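Notes follow the structure.
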Amino acid sequence: MHLKTLTVRGFKSFASATRFDFEPGITCVVGPNGSGKSNVVDALAWVMGEQGAKTLRGGKMEDVIFAGTSARPALGRAEVSLTIDNSDGRLPIEFSEVTITRTLFRQGGSEYAINGAPVRLLDIQELLSDTGLGREMHVIVGQGQLDTVLRATPTERRGFIEEAAGVLKHRRRKEKALRKLDSMQGNLLRLADLLAELS
Ligand code: ATP
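Residue 2 is where the sequence shown starts when you use this note's numbering, and the numbers rise one by one after that.
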């Protein structure tokens, strides 16, 4: 499995559609200060479901949409597509190539798609979670983040390891199932009350 192409349009400094082709192995992005190198990494994190505006170095999520320059007006939406080579079947989906797309509209609302079909954010998180590309992006190590890991409490450190090992996915599912059970329990109680009143 490897990242094949990343296409950004209206995302941060990339107003026009821009496509990056990656080969297996190491890729280096070089360029002058402020030319948008980190924005490429932000686009990767964003398309894989990143929800924290701060992680993306902005104040609010809308800040990822091209804000305009003196030469070009602001855009109304940001769109990023990431194509992953899945010929080794590491992603649990029957496609040898998987394209994840995320779109955000300035008017509000966002869309996610897998190979062109609309999906929920959860579907993208689940698709990627067994690869270590989970909800928390520990595969993307930002500037200064090593300090955070070194200073983490034992509980936080355990969280990092669980996310990387894919355990958190099951913990989240368990929590969701327990919440459902809880609300069922409430329904059963109400039903028992009603039955008692009727009999
Ligand atoms: P450095 O080498 O200094 O770390 P860099 O190459 O990583 O820089 P980035 O931080 O990726 O650069 O890009 C910064 C540029 O992106 C700035 O010029 C900033 O104005 C621009 N930028 C960020 N968000 C937006 C946006 N929403 N609309 C337009 N431009 C944006």
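Heads up, the beta-carbon is just placed ideally off N, CA and C, and yes, glycines get one too. Predicted model, so just to flag it, every value in this text is computed and none were measured.
Would you list the residues whose beta-carbon is nearer than 5 Å to any heavy atom of ligand 1, in the order they occur in the chain?
Lys-13, Ser-14, Asn-34, Gly-35, Ser-36, Gly-37, Lys-38, Ser-39, Asn-40, Phe-67 and Ala-68
List, from N- to C-terminal side, the alpha helix (DSSP H) runs of 4 residues or more that fit wholly inside the stretch 24-100.
38-48
Is the CB-CB distance between Gly-109 and Phe-67 below 7 Å?
no
Quick check on Phe-1: buried or exposed, where buried means 16 or more other Cβ atoms within 10 Å of its Cβ?
Because the chain spans 2 through 200 in this model, residue 1 falls outside it and cannot be assessed.
Is it the case that the stretch 147-159 contacts the stretch 60-77, given that we only count it when at least three CB pairs across the two stretches are under 8 Å?
no
With a Cβ-Cβ cutoff of 7 Å, do Ala-1 and Met-62 count as a contact?
The shown model of the chain, from 2 to 200, leaves out residue 1, and the question about it has no answer.
According to DSSP, simplified to helix, strand and coil, what is Leu-134?
coil
Residue interval of the beta strand (DSSP E) (run including Arg-20):
19-22
Terminal residues of the continuous beta strand (DSSP E) containing Ser-111?
111-115
Does DSSP classify Thr-154 as helix, strand or coil?
coil
Could you tell me the boundaries of the alpha helix (DSSP H) in which Arg-10 lies?
Note, Arg-10: premise wrong, no alpha helix (DSSP H); beta strand (DSSP E) at 3-10.
For Glu-176 and Leu-134, the rounded distance between their alpha carbons:
20 Å
So for Arg-159, helix, strand or coil by DSSP?
helix
Where do the ends of the beta strand (DSSP E) carrying Val-120 lie?
118-120
Among Val-168, Ala-79 and Glu-24, which one has its Cα closest to the Cα of Ser-17?
Ala-79
Less than 7 Å between the C-beta atoms of Thr-100 and Thr-84, yes or no?
yes
Count the other C-beta atoms from every protein chain shown that fall within 10 angstroms of the C-beta of Ser-111, then say buried if there are 16 or more, exposed otherwise.
exposed
As a quick exercise: from Leu-7, Leu-196 and Lys-13, pick the residue whose alpha carbon is nearest that of Arg-107.
Lys-13
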